[in-house]
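Undergrad: In numbering that gives the first Met the number 0, the protein residues as written are 0 to 295.
The C-beta atom is built at its ideal place from N, Cα and C for all residues, glycine as well.
Keep in mind that this is a model prediction, so the values were computed, not measured.
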Amino acid sequence: MKESEPAAPAALLGKPLADRVMRGVRHDLKTWAQLDPPFRPQLVSVLASDDEASRVYVSSKESRARKLGVDFRAVDLGAGATQEQLEQTLRDLSADPAVHGIVLELPLSKGLDADAALLHIAWRKDVEGLTPANLALIAAGREPEALLPPTPRSIRFLLRDALGDDLRGLRVAVVGPGRTVGRPLLFMLNNKGATVTLCNEHTRDLAGVLAPQDAVVVAVGRAGLLRPDQVQPRHVVIDAGINVQEGGEMVGDAAPGLPVRAQTPVPGGVGPLTSALMYQNLVRGVKLQRGEPVDD
0 MKESEPAAPA ALLGKPLADR VMRGVRHDLK TWAQLDPPFR PQLVSVLASD
50 DEASRVYVSS KESRARKLGV DFRAVDLGAG ATQEQLEQTL RDLSADPAVH
100 GIVLELPLSK GLDADAALLH IAWRKDVEGL TPANLALIAA GREPEALLPP
150 TPRSIRFLLR DALGDDLRGL RVAVVGPGRT VGRPLLFMLN NKGATVTLCN
200 EHTRDLAGVL APQDAVVVAV GRAGLLRPDQ VQPRHVVIDA GINVQEGGEM
250 VGDAAPGLPV RAQTPVPGGV GPLTSALMYQ NLVRGVKLQR GEPVDD
């Protein structure tokens, strides 16, 4: 490397952290399997669309669940499901003591209201942490009682891996105030003592806003949103954007190889850890349902 060339950023990979999370998940599942009688939690995915990508994701969940020793079931209501059918299904699953985790696969068919449907998932079975009850507990600073959304939690894991477990006083900019990532992450970082600046794709002078930050999180869904001229060498960049290019290539919201201290790749950064944390949420949900203590 020539002296004038900037050093490549350190790659913040999600897999090592995901492996650590999964060791804990497997330990709890093994402990439950050795009970008399053995206990196996059940995870249920609910589909109400003809979205092929959702079916691929469900198949992947089923494969991993089986390997872990988790009972898995898919409830496919089809693209013609009504709002009432969807909500009744979620109410029935929430009331069923044999069901321990519920995933509502998004997107739903046109005309179905995901926000209204989520109201009918019991919050302790909400393994994606998207119900208003879980989000309200997070906003109230009562995280030990909640199931946390896996993507924001994976971002916080990666920030702690890069910057240290103690986030108090650190300055973090979150670009993208979305319901599933940016907004809950704001509260989750604040709960750990970080100072958070919330931005969006229309923020003026983004480079000036980001200049004093220690870390930048992007979660907008717009390829190339974060450019080299907008970041500083000390920044840690967490890229939670997902954009599928022509030819099927997946890229994030940040340009690759930014001149920063560390950057998560897409794919390979936030994604693997998010998947692992969903299964950890299933374990946390079972413990909450049983009144057992849960770890951070």
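Do Val43 and Leu92 have their C-beta atoms within less than 8 Å of each other?
TA: Locating residue 43 in the sequence shown gives position 44, where the first residue counts as 1. Locating residue 92 in the sequence shown gives position 93, where the first residue counts as 1. Yes.
Undergrad: Tell me whether the region 164 to 175 and the region 188 to 203 touch, counting them as touching only if at least three CB pairs, one residue from each stretch, are closer than 8 Å.
TA: Verdict: yes, contact present.
Undergrad: With burial defined as no fewer than 16 other Cβ atoms inside 10 Å of the residue's Cβ, what is the status of Gln41: buried or exposed?
TA: By 1-based counting over the sequence shown, the position of residue 41 is 42. Per the 10 Å Cβ criterion, buried.
Undergrad: Nearest-angstrom Cα distance between Ala116 and Pro232?
TA: Here residue 116 refers to the residue found at position 117 of the sequence shown. Here residue 232 refers to the residue found at position 233 of the sequence shown. Going from the Cα of Ala116 to the Cα of Pro232 covers about 44 Å.
Undergrad: Let's see if you can read the secondary structure: which residues bound the beta strand (DSSP E) around Phe71?
TA: Counting from 1 along the sequence shown, the entry for residue 71 is found at position 72. That run of the beta strand (DSSP E) goes Asp70 to Asp75.
Undergrad: Among Ala253, Thr179, Ala222 and Arg260, which one has its Cα closest to the Cα of Asp213?
TA: Here residue 213 corresponds to residue number 214 of the sequence shown, with the count starting at 1. Nearest of Ala253, Thr179, Ala222 and Arg260 to Asp213, Cα basis: Arg260.
Undergrad: How is Val174 classed by DSSP in three states: helix, strand or coil?
TA: If you number the sequence shown from 1, residue 174 lands on position 175. Reduced to three states, the DSSP call for Val174 is strand.
Undergrad: For His26, count the other beta carbons within 10 Å of its own beta carbon; 16 or more makes it buried, fewer makes it exposed. Which is it?
TA: Indexing the sequence shown from 1 puts residue 26 at position 27. His26 should be labelled exposed.
Undergrad: Roughly how many angstroms lie between the CA atoms of Leu89 and Ala222, to the nearest whole one?
TA: For this step, residue 89 is matched to residue 90 along the sequence shown. For this step, residue 222 is matched to residue 223 along the sequence shown. If I take the Cα positions, the gap works out to 35 Å.
Undergrad: Mind checking whether Leu147 and Ile137 have CB atoms under 8 Å apart?
TA: Residue 147 sits at position 148 when you count from the first residue of the sequence shown. Residue 137 sits at position 138 when you count from the first residue of the sequence shown. Yes, the pair counts as a contact, with Cβ atoms nearer than the cut-off.
Undergrad: So, helix, strand or coil for Gly23, using DSSP?
TA: One-based indexing of the sequence shown puts residue 23 at position 24. DSSP places Gly23 in helix when its eight states are reduced to three.
Undergrad: Between the region 264 to 275 and the region 231 to 251, can you find at least three pairs of beta-carbon atoms closer than 8 Å?
TA: The region 231 to 251 is in contact with the region 264 to 275.
Undergrad: Check the C-beta distance from Leu296 over to Pro151 and give it rounded, since I have them as a contact under 8 Å.
TA: A query on residue 296 cannot be resolved here, the shown segment of the chain reaching from 0 to 295 and no further.
Undergrad: Less than 6 Å between C-beta atoms, sequence neighbours within five positions excluded: which residues of the same chain meet that for Ala253?
TA: Walking along the sequence shown from the start, residue 253 turns up at place 254. Counting only Cβ-Cβ distances below 6 Å, and skipping sequence neighbours, we find Val217, Leu225, Val236 and Asp238.
Undergrad: Kindly indicate which three-state DSSP category Ala135 falls into: helix, strand or coil?
TA: As a working mapping, residue 135 is identified with position 136 in the sequence shown. Three-state DSSP puts Ala135 in a helix.
Undergrad: Considering only residues of the same chain and omitting the five flanking positions on each side of Pro211, which have a CB-CB separation below 7 Å?
TA: Position 212 of the sequence shown holds residue 211. The residues are Arg170.
Undergrad: Buried or exposed, going by whether 16 or more other CB atoms sit within 10 Å of the CB of Lys124?
TA: Position 125 of the sequence shown, counting from 1, holds the residue named residue 124. Answer is buried; the Cβ neighbour count reaches 16.
Undergrad: Taking DSSP's pairing of strands, which residues face Asp238 in a bridge?
TA: Counting from 1 along the sequence shown, the entry for residue 238 is found at position 239. In the DSSP output, where bridge partners are listed per residue, Asp238 has Val217.
Undergrad: Assuming Ala161 and Leu11 form a contact by the criterion Cβ under 8 Å, report the distance between their Cβ atoms to the nearest whole angstrom.
TA: Here the question's residue 161 lines up with position 162 in the sequence shown. Here the question's residue 11 lines up with position 12 in the sequence shown. Right, their Cβ atoms sit about 6 Å apart.
Undergrad: Which value, in whole angstroms, describes the spacing of the CA atoms of Leu195 and Arg159?
TA: In the sequence shown, counting from the first residue as 1, residue 195 sits at position 196. In the sequence shown, counting from the first residue as 1, residue 159 sits at position 160. Looking at the sequence shown, residue 195 is not Leu but Val. Whole-angstrom Cα-Cα distance: 15 Å.
Undergrad: Which residues share a DSSP beta bridge with Leu197?
TA: Within the sequence shown, residue 197 is the residue found at index 198, counting from 1. Bridge partners of Leu197: Val173.
Undergrad: Do you know how far the Cα of Val74 is from the Cα of Pro15?
TA: Taking the first residue of the sequence shown as position 1, residue 15 is located at position 16. Taking the first residue of the sequence shown as position 1, residue 74 is located at position 75. If I take the Cα positions, the gap works out to 32 Å.
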